[in-house]
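Heads up, the thing below is written out as structure tokens.
In full-length UniProt numbering, the protein residues as written are 1 to 134.
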């Protein structure tokens with residue numbers, strides 16, 4: 001009987017800790033909800049770490065340059081469209097990146113940015129070429 005009560009108490013305590021750390025959708029500001037709207041339907045199922053990170057990012061968004069705001073909104077939309085497996089892979093990649101020594105991480109990030117910029121410019125030139133043939 002004591003074991004059962006102790007087990008129930010432990011489960012209840014864990015649930016309370018989770019609930020205290022989770023970020024309920026209705027506690028977000030209207031501005032945060034607007035930014036995070038692509039995730040509204042799945043917000044309650046996101047891990048609390050994601051909820052905390054996304055709500056903090058959404059709160060800082062108004063203070064970012066307009067270009068960065070646009071990139072963040074695009075990233076939120078993309079994240080919302082990913083499957084749980086894709087999100088987990090992204091989290092794992094992030095963890096591995098954070099585990100690298102700072103110099104190595106910086107070099108890798110620079111390489112990724114160059115690759116992204118190349119793809120974006122290539123996509124833009126292809127789009128311009130297609131439009132010019134119309």
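Just so it is clear, CB atoms sit at the ideal spot from N, CA and C, and this is done for glycine as well.
Rounded C-alpha distance that separates residue i from residue j
i: residue 112; j: residue 29; result: 33 Å
i: residue 90; j: residue 31; result: 26 Å
i: residue 15; j: residue 120; result: Any answer about residue 15 is weak, because its pLDDT of 42 lies below 50 and its placement is not dependable; what the coordinates show is given next. So the two alpha carbons sit approximately 45 Å from each other.
i: residue 77; j: residue 101; result: 30 Å
i: residue 45; j: residue 84; result: 10 Å
i: residue 95; j: residue 126; result: 35 Å
i: residue 4; j: residue 88; result: Caution is warranted here: a pLDDT of 45 is assigned to residue 4, below 50, making its placement in the model unreliable, and the coordinate value is therefore given only provisionally. Using only the alpha carbons, I get a separation of about 34 Å.
i: residue 98; j: residue 63; result: 25 Å
i: residue 159; j: residue 117; result: This structure cannot speak to residue 159, because the chain is shown only from 1 to 134.
i: residue 65; j: residue 130; result: 31 Å
Reference residue i, options the options, closest by Cα
i: residue 71; options: 94, 130, 129, 57; result: 57
i: residue 53; options: 134, 99, 22; result: 22
i: residue 33; options: 125, 60, 103; result: 60
Residue burial classification, residue i (beta-carbon count within 10 angstroms, cutoff 16)
i: residue 132; result: exposed
i: residue 162; result: The first residue shown for the chain is 1 and the last is 134, placing residue 162 beyond what the model contains.
i: residue 43; result: buried
i: residue 13; result: Low confidence applies here, because residue 13 scores a pLDDT of 40, under 50, leaving its location unreliable; read the following figure in that light. It is exposed - the Cβ of residue 13 has fewer than 16 other Cβ atoms within 10 Å.
Contact check, residue i vs residue j, beta carbons under 7 Å
i: residue 38; j: residue 80; result: yes
Where the alpha helix (DSSP H) through residue i begins and ends
i: residue 79; result: 66-81
i: residue 93; result: 84-99
i: residue 112; result: 102-132
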